[in-house]
Amino acid sequence: MDTTWMADGNCAHHPPETFFPSDGVGVIEAQKICATCPVQALCLEYALRNRVEHGVWGGHSERSRRRLVRERNKAKTAV
Ligand code: SF4
22 MDTTWMADGN
32 CAHHPPETFF
42 PSDGVGVIEA
52 QKICATCPVQ
62 ALCLEYALRN
72 RVEHGVWGGH
82 SERSRRRLVR
92 ERNKAKTAV
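In terms of the working numbering, the sequence shown is numbered consecutively and its last residue is 100.
Here is the structure:
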């Protein structure tokens, strides 16, 4: 999967650890940065397809991405 979009992410201007928070407050801070990111959709799709387990990607926490994967899997089996 193409990853050239990563260079255009808002996170390119922040320390990497910002996106690997240790608590909910940190998650919210990362999500605020992701909220205005021009490549948010690509980032989220990358994380979902590659089953990235850690960090905030595409504005979604680890827990939120697990939920999205479950919903996608449910939708697939419903078809
Ligand atoms: S959505 Fe967030 S983690 Fe993804 S590229 Fe943008 S700023 Fe970085």
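Built from N, CA and C at the ideal position, the CB exists for glycine as well. Since we're looking at a predicted model, the values are computed, not measured.
Using DSSP with H/G/I as helix, E/B as strand and the rest coil, what is His14?
Any answer about residue 14 is impossible in this case: the structure gives the chain only from 22 up to 100.
Leaving aside the five residues before and after Glu66 along the sequence, list all residues of the same chain whose C-beta is less than 8 Å from its C-beta, in chain order.
Gly79
Run through the region 36-100 for me and flag every whole beta strand (DSSP E) of 3 or more residues, listed as ranges in chain order.
Within the region 36-100, no complete beta strand (DSSP E) segment of 3 residues or longer occurs.
Taking 7 Å as the cut-off, does the CB of Phe40 come closer than this to any heavy atom belonging to the ligand SF4?
yes
Would you decide whether Val46 is buried or exposed? Buried here means 16 or more other CB atoms lie within 10 Å of its CB.
In this structure Val46 is exposed. Its beta-carbon is surrounded by fewer than 16 other beta-carbon atoms within 10 angstroms.
Is it true that the CB of His75 sits closer than 8 Å to the CB of Phe41?
yes
State the CB to CB distance for the pair Leu69 and Val48, rounded to an integer number of angstroms; the pair is presumed to be in contact (CB under 8 Å).
Rounded, the Cβ-Cβ distance is 17 Å, inconsistent with contact.
So, at 7 Å on beta carbons, what are the nonlocal neighbours of Ala51 in its own chain, with the 5 sequence-adjacent residues on each side left out?
Thr39, Phe40, Pro42 and Val77
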